[in-house]
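Numbering (UniProt numbering), first residue to last: 1 to 526.
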């Protein structure tokens with residue numbers, strides 16, 4: 001391998017370009033480090049602080065000293081009864097939480113739009129999932145929230161449920177009514193687990209939604225690397241014992257046992273120091289809000305201006321506060337900039353590509369009809385200005401193109417302008433072809449049973465009507481369109497093929513060329 005082909009060389013070269021990161025991790029490669037106090041990360045060359053469990057530095061799997069004190073301090077910051085540092089990302093925390101709360105070969109009620117790590121926990125514990133389907137935001141191509149009444153209905157229908165799992169906020173910043181869901185789950189005497197991977201920043205801004213930890217969830221997992229200035233692969237697991245609500249609903253001993261199973265036996269002190277450092281810095285900034293030059297205040301002002309200006313677009317649309325109260329949306333996260341292309345003739349993939357190739361802006365992800373930018377307090381003013389200028393220019397060009405047809409609303413929108421203003425909420429766009437991201441498939445056998453059955457290979461395009469032995473999802477966000485054990489409907493197959501044609505990152509099957517799919521042999525007794 002030549003020197004310039006090595007990964008480290010490629011990373012260094014990429015960092016020298018003007019590509020701006022509207023994606024995780026939240027430190028944004030220190031994009032805003034020069035903007036005031038954000039330069040105080042105080043992180044040295046990682047090789048100089050990369051140690052093992054030597055005298056005086058404690059052990060994450062048996063904390064008695066500085067790590068125990070650090071995690072107790074973090075629990076106090078977030079208002080948790082216990083907080084655990086995670087060095088295997090939120091995935092490790094989700095695996096541990098489900099394993100501890102649901103047990104083995106039991107039933108779990110879980111949102112269908114959960115991350116693939118939830119499905120991995122279902123497989124490893126041979127659980128029987130019952131799915132809660134999120135509402136759909138018509139025409140935007142994104143998921144809405146989980147309705148509390150759907151949770152209550154499913155718990156009545158499946159009284160043998162052992163735990164409930166939901167994701168809030170979603171990848172696109174959609175927040176469900178966690179307070180009401182927690183009340184319903186606790187009335188049934190069960191624990192509520194919330195994947196809050198994209199909401200670690202909620203504590204640090206009055207303008208953000210409340211954290212699930214404050215709203216009664218028992219186990220809350222946060223990826224602090226997603227939106228806070230911490231290194232990739234760092235996360236937190238918070239425990240709320242809920243003693244005032246009939247708890248605790250989770251056995252702490254079981255939880256700690258599974259954390260040891262799903263985390264490395266050689267946890268990185270660099271990553272643990274990054275977690276502590278990020279929480280310390282953000283809490284310091286939170287307590288100092290209102291002071292001249294405070295980074296959080298400055299970020300909020302910039303985001304307010306950005307969202308106000310983007311709300312004036314004529315063709316593209318900004319998802320925002322106007323969604324509250326519809327489609328199961330309890331609240332929205334202003335730090336996620338979700339730009340919808342619905343009805344414009346442009347796909348989300350095309351918008352993502354234009355922003356990358358012409359404007360050197362790397363978005364977090366794109367869907368069939370939208371692209372998502374993740375912002376954080378570490379974003380620079382210059383970066384946010386570049387995003388605004390690029391998106392507004394693309395919108396103007398789309399408007400000019402549509403005006404030539406004599407119909408500026410050709411895209412199917414019933415209203416224009418003010419999409420993020422509560423006083424001028426537009427009508428929702430007309431339904432589009434991709435407005436149902438989750439076809440409701442028949443589950444004919446548990447995930448573990450399907451994956452461990454005798455499987456055969458069939459052409460993906462001819463797999464309709466068969467029982468899948470594999471996952472099919474777009475990554476990111478890693479939410480299965482088809483899960484093992486489900487009968488592949490014509491609707492689901494058409495959706496997958498359409499996503500492939502649009503150039504979306506369809507993954508999951510063993511065959512990376514996506515020509516073949518593993519399915520359960522037809523002679524297997526269902």
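All residues carry an ideal CB built from backbone N, CA and C; glycine is no exception.
Checklist entry - Are the region 41–58 and the region 259–271 touching by the rule of at least three beta carbon pairs closer than 8 angstroms? => result Yes, since at least three Cβ pairs between the region 41–58 and the region 259–271 fall closer than 8 angstroms, the two stretches touch.
Next on the checklist: DSSP three-state label for residue 46, please.
Outcome noted: Judged by DSSP in its simplified three-state form, residue 46 adopts helix.
Next on the checklist: In this structure, how does DSSP classify residue 7 when only helix, strand and coil are distinguished?
Outcome noted: Annotated three-state conformation of residue 7 is helix, per DSSP.
Next on the checklist: Among the candidates 214, 497, 519, 401, whose CA atom is the shortest distance from the CA of residue 76?
Outcome noted: Minimum Cα distance to residue 76 is reached at 214.
Checklist entry - Three or more C-beta pairs closer than 8 angstroms, one from the region 190–204 and one from the region 225–233: is that the case here? => result Yes: at least three Cβ pairs fall under 8 angstroms.
Item to check | Range covered by the beta strand (DSSP E) that runs through residue 487 | outcome: Per DSSP, residue 487 is not a residue of any beta strand (DSSP E), being assigned neither H nor E.
Next on the checklist: Here's the rule I'm using: 16 or more other beta-carbon atoms within 10 Å means buried, otherwise exposed. How should residue 112 be labelled?
Outcome noted: Answer is buried; the Cβ neighbour count reaches 16.
Checklist entry - Helix, strand or coil for residue 281 per DSSP? => result Of the three classes helix, strand and coil, the one that applies to residue 281 here is helix, per DSSP.
Checklist entry - For residue 393, which residues does DSSP report across the bridge? => result BP columns for residue 393 are empty, so no partner.
Item to check | Range covered by the beta strand (DSSP E) that runs through residue 441 | outcome: Here residue 441 belongs to no beta strand (DSSP E), and DSSP marks it neither H nor E.
Item to check | Residue from 100, 486, 308 with nearest C-alpha to residue 130 | outcome: Looking only at 100, 486, 308, the smallest Cα-Cα distance to residue 130 is reached by 486.
Checklist entry - Helix, strand or coil: how does DSSP classify residue 528 here? => result The structure shown does not extend to residue 528, since the chain is modelled only from 1 through 526, so no value can be given for it.
Item to check | Cβ neighbours of residue 19 in the same chain (closer than 6 angstroms, five flanking residues each side left out) | outcome: Cβ neighbours of residue 19 beyond the five flanking positions: 360, 362.
Next on the checklist: For residue 375, which residues in the same chain have their Cβ closer than 6 angstroms to its Cβ, ignoring the five residues on either side in sequence?
Outcome noted: The answer, listed in chain order, is 335.
Item to check | Residue burial classification, residue 365 (beta-carbon count within 10 angstroms, cutoff 16) | outcome: A residue is called buried when at least 16 other Cβ atoms come within 10 angstroms of its Cβ; residue 365 meets this threshold and is buried.
Checklist entry - What do you get for residue 432, buried or exposed, if any count of 16 or more other CB atoms within 10 angstroms of its CB means buried? => result The predicted model places residue 432 with a pLDDT of 37, which falls under 50 and marks its position as unreliable, so this point remains unresolved.
Item to check | Boundaries (first-last residue) of the beta strand (DSSP E) holding residue 241 | outcome: Where residue 241 is concerned, there is no enclosing beta strand (DSSP E), because DSSP gives it neither an H nor an E.
Next on the checklist: Using the Cβ count rule (16 or more neighbours within 10 Å means buried), how would you classify residue 393?
Outcome noted: Exposed.
Next on the checklist: Quick check on the DSSP output: the alpha helix (DSSP H) that includes residue 303 runs from which residue to which?
Outcome noted: For residue 303, the enclosing alpha helix (DSSP H) stretches over residues 295–310.
Item to check | Identity of the residues DSSP links to residue 170 by a beta bridge | outcome: None, per the DSSP bridge assignment.
Checklist entry - Mind checking whether residue 259 and residue 96 have CB atoms under 8 angstroms apart? => result Yes, they are a contact pair.
Checklist entry - From residue 300 to residue 207, what does the alpha carbon distance come to, in whole angstroms? => result Note on geometry: alpha-carbon atoms of residue 300 and residue 207 lie some 8 angstroms from one another.
Checklist entry - Can you list, in chain order, the residues of its chain whose CB lies under 6 angstroms from that of residue 122, leaving out five sequence neighbours each side? => result By the criterion of a C-beta distance shorter than 6 angstroms, residue 122 is surrounded in its chain by 129, 447, once the five residues flanking it on both sides are discounted.
Next on the checklist: Is residue 385 close to chain D? Criterion is C-beta to C-beta, closer than 8 angstroms.
Outcome noted: Structure shown: chain D not included; a single protein chain is present.
Item to check | Pick from 183, 184, 180, 172 that is closest to residue 196, judged by C-alpha positions | outcome: It is 172 whose Cα lies nearest to the Cα of residue 196.
Item to check | Buried versus exposed call for residue 490 [16 or more other C-beta atoms within 10 Å across all chains shown] | outcome: Exposed is the call here.
Item to check | Inter-residue CB distance, residue 466 and residue 488 (contact presumed, cutoff 8 angstroms) | outcome: 6 angstroms between Cβ atoms; contact.
Item to check | Extent of the continuous beta strand (DSSP E) to which residue 473 belongs | outcome: Unbroken beta strand (DSSP E) run through residue 473: 472–474.
Checklist entry - If you draw a straight line from the C-alpha of residue 114 to the C-alpha of residue 158, how long is it? => result Taking the straight line from one Cα to the other gives about 20 angstroms.
Next on the checklist: How far does the alpha helix (DSSP H) with residue 324 in it extend, from its first residue to its last?
Outcome noted: Per DSSP, residue 324 belongs to no alpha helix (DSSP H) and is neither H nor E.
Checklist entry - Going by C-alpha distance, which of 152, 256, 399 is nearest residue 61? => result Among 152, 256, 399, the Cα nearest to that of residue 61 belongs to 256.
Item to check | Candidates 118, 494, 236, 346, of which the one nearest residue 461 by Cα | outcome: If we check each option's Cα against that of residue 461, 494 comes out closest.
Checklist entry - What is the rounded straight-line gap between the Cα of residue 180 and the Cα of residue 72? => result If I take the Cα positions, the gap works out to 28 angstroms.
Checklist entry - I think residue 182 touches residue 190, with their Cβ atoms under 8 angstroms apart; what is that distance to the nearest whole Å? => result Their Cβ separation, rounded to whole angstroms, is 10 angstroms, which puts residue 182 and residue 190 out of contact at 8 angstroms.
Checklist entry - Quick one: what's got a C-beta closer than 7 angstroms to residue 102's C-beta in the same chain, skipping five residues either side? => result The residues 108, 125, 127, 162, 163, in chain order, have a CB closer than 7 angstroms to that of residue 102 in the same chain once the five nearest residues on each side in sequence are set aside.
Checklist entry - Between residue 137 and residue 332, which are expected to be in contact by the criterion C-beta below 8 angstroms, what is the C-beta distance as a whole number of angstroms? => result About 11 angstroms separates the Cβ atoms of residue 137 and residue 332, ruling out a contact at the 8 angstroms cut-off.
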